[in-house]
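Counted from 1, the sequence shown has number 159 at position 173 by our numbering; the numbering is strictly sequential. All C-beta atoms, glycine included, are put in the ideal place defined by N, C-alpha and C. Here the structure is a predicted model, which means the values were calculated and not measured.
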Amino acid sequence: MSQTNFLFSKKSTLYRITTLFSVALLTTTLLTSCGTSKNIADNKGAIDSRNQPLESANNKITSQQLLLAAQTQEVKIATATLIDASELLIGEESYNQALWLSQQLTALTDNAQDKYRLALVSADSLLKLTEVELAFKQLEVANKISTDNNVIHRENYYFLLADIQQRRALEISAVNAKLHWFSSSSNTDVDDIYELWQALSLLSTWQVSQLAALDPPYIKGWQQLLTYAHKFGGDINRFDAYLSQWQGDFSAHPAQAIIETLKITEQSPQALIENIAVILPLSGKQASAGKAAQQGILAAYSNIPDKNLTFIDADTLDWTLLNEQLIALNSHFIIGPLLKNNVDKFLAQGEILLPSLLLNTLKVEQRSTEQFILSMRPEDEAYQAATTLSRKNYRSPVILSHQDTASKRIARAFSKQWQLINGYAPEVVYFEKGKMMQEQLKASLEVDSSQARIKDLKIRVKQSIDSEPRNRRDIDMFYLVGSPAQTKLLKPYIDVNTSPFATIIPVYASSRSHSSKQDSSKHNDLRNLIFTEMPWLLSSQQQNAQLADLSKTLWPSRSDSLQRIFAMGYDSLYLVDKLPLMKQKPYVRHYGQTGILKLNSNNTLTRSLLWGIYQDGEVAEIAMD
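Put into structure tokens, the structure is as follows:
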């Protein structure tokens, strides 16, 4: 025998002895920790410790039996037996033991399939122990093993992933995993299909688009069904007709099993809503905001004439007498208040039991089940933007944000969502007004450092040097949060200070960067800027173009912030009759001027916004999926 073969044989023998010792140690430790000595002795006669199937008296194998069997098996067989035992330990609710065994076995095997199974055991155990982030990391290990070794994902992988991502508030990823689980499972029924439908129904319109981009199994049929439900779910006759059309278009889709159930879903009788009290600041410092909302409500009223509107000035209102006033008016519904401090005053009047649509968020979540909120929170916009842009494979984004409170809220929400999805936080650069703004941007791009190096080189070398300052090469995307004036200064500055040798860095922005006032002035400085916006301020199929033209004629100097309040007022009147239906049928949406509105389980309406782009001196809608 050659020296090399001798060493290899000696190493293999040593490894086998070590592994045998490890197996014995594992089984002894676990059997002791589980307190199973008596049960082992009782069941010992029922165990075949070699290659025959293991069975107990009641044909149900326990982890204890497998652990005992592994003690007398060959290493390869013992390892497989212990992996089976680790999976059984989860079913027996011995999560700590399952986790410990899976971690120990991972170090004893080089087999990819075994390592994959053990990663799932670790993930499942950690999830049961409420260690959600650690469980997710184990699923990432399993996914890498699958990718590197062509190991086909088990249905349990998708089942765990769906649960984990739901707990991490990543709804799109959770539903994507559920669809993959359903496709890979051989043991599904109508209840599973209905649960899928319910999960899909809870997604916002923009989330459905992002899910479709991931291309999970059967998504085209699901997406079309959701589109019909979103648009026509509140009209039984039209919805039934579209469901019949869907049945013909997707005859092999699993959702066929629930279509007839959707067809016979009846609407609960709805109380007649005729008299509506609207509480707005119609005098005082915030009168312009109140009147903008009032004008939006009146614009919608021309299309909904069967309502009686009473406007109450919140600035002169005695809140302690509000309930008596509403009773005297025989009010059926309340729109408002608009200002946050007035919302707090309204909620302090606990005796008001009428259904209401509040036009601002709350400091404290204390409201009845009949009180709804039309949310215009900037965080929701940032959440949509971060989720959408994170799927474009940017790796080094930078957030440029002004120092004001609203901008910082958007920047923090964007950063938080980006980190949740991608596992790292983007760099945030806060800027102030004036000259410091461009200096701070130059520092973030490290253009100033490049200019300093060029200046130093020119001093050292007496010859004339042609040079271009170069920006950082690691930045691949900017998300800009600032006013239209700030954006108009920063966007071209980013373009100018990007090295001609580098790839152009795309710039995205929040709606704060867009002004309808500058759309017609052919601002080439903003070319290729992409931003989120409500339909009312973006020419699109969803915008009420005729009303928008009339609004510009009547109020040509109205600010963008007041335009948004006008749109909110317009949507609020349409929502009066639609809210009970949206609560009963979570898949119903309102296609409004503030966005596509969805009612969440906490009675808050959130929006799906559109994306716009400055291009060729014009602003146009752009698809981001």
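The distance from the Cβ of residue 599 to that of residue 480 is about 16 Å, inconsistent with a contact at the 8 Å cut-off. Judged by beta-carbon spacing, residue 461 lies within the 7 Å limit of residue 491, meaning their Cβ atoms are closer than that value.
If you check the CB distance, residue 372 and residue 400 come in under 7 Å. Counting only residues of its own chain and dropping the five nearest sequence neighbours on each side, residue 241 has a CB closer than 7 Å to the CB of 179, 183, 207, 208 and 211. In the three-state DSSP reduction, residue 144 falls in the helix class (H, G or I). With respect to residue 88, residue 107 sits close: the two C-beta atoms are nearer than 7 Å. For residue 217, the enclosing alpha helix (DSSP H) covers residues 205 to 218.
In the three-state scheme derived from DSSP, where H, G and I count as helix and E and B as strand, residue 601 is classed as strand. Residue 480: member of the alpha helix (DSSP H) spanning 470 to 482, first to last residue.
Here the alpha carbons of residue 55 and residue 49 stand approximately 10 Å from one another. Between the region 583 to 592 and the region 312 to 327, the count of Cβ pairs shorter than 8 Å is below three; the stretches do not touch. Non-local beta-carbon contacts of residue 247 in its own chain, meaning distances under 7 Å to residues more than five positions away in sequence, are absent. DSSP places residue 345 outside any alpha helix (DSSP H), giving it a letter other than H or E. Between residue 301 and residue 270, the CB-CB gap stays under 7 Å. By alpha-carbon distance to residue 127, the top candidate from 114, 116 and 147 is 147. A residue is called buried when at least 16 other Cβ atoms come within 10 angstroms of its Cβ; residue 307 does not meet this threshold and is exposed.
Under the three-state reduction of DSSP output, residue 324 falls in the coil class, being neither helix nor strand. Three or more beta-carbon pairs separated by less than 8 Å are not found between the region 213 to 226 and the region 157 to 171, which leaves the two stretches without contact.
Here residue 369 is buried. Its C-beta has 16 or more other C-beta atoms within 10 Å.
Residues 161 and 164 of the same chain have their beta carbon placed closer than 7 Å to that of residue 185, with the five preceding and five following residues left out of the count.
Membership of residue 199 in the alpha helix (DSSP H) is indicated by the continuous run 191 to 200. Secondary structure at residue 96: coil, using DSSP grouped into helix, strand and coil. Cβ atoms of residue 499 and residue 466 come within 8 Å of each other, at about 6 Å. Secondary structure of residue 546 (DSSP, three-state): helix. Looking at the DSSP output, residue 467 sits in a beta bridge with 387. Around the C-beta of residue 254, fewer than 16 other C-beta atoms lie within 10 Å, and the residue is accordingly described as exposed. In the DSSP annotation of this structure, residue 495 is not part of any alpha helix (DSSP H); the continuous beta strand (DSSP E) holding it starts and ends at 493 to 495. For residue 137, the three-state secondary structure derived from DSSP is coil.
Judged by DSSP in its simplified three-state form, residue 609 adopts coil rather than helix or strand. For residue 155, the number of other beta carbons within 10 angstroms of its own is below 16, and it is reported as exposed. The beta carbon of residue 167 sits closer than 7 Å to those of 141, 144, 145 and 148, all from its chain and outside the five residues before and after it, given in chain order. Nearest in C-alpha terms to residue 389, of all of 382, 374, 414 and 367, is 414. Sequence-distant Cβ neighbours of residue 195 in its own chain, meaning closer than 7 Å and more than five residues away, are 611. Ranked by Cα distance from residue 305, the options 543, 273, 347 and 323 are led by 323.
DSSP places residue 582 in the strand class (E or B) of the three-state scheme. Apart from the 5 residues on each side of it in sequence, residue 394 sits with its Cβ closer than 7 Å to the Cβ of 387 in its chain, given in chain order.
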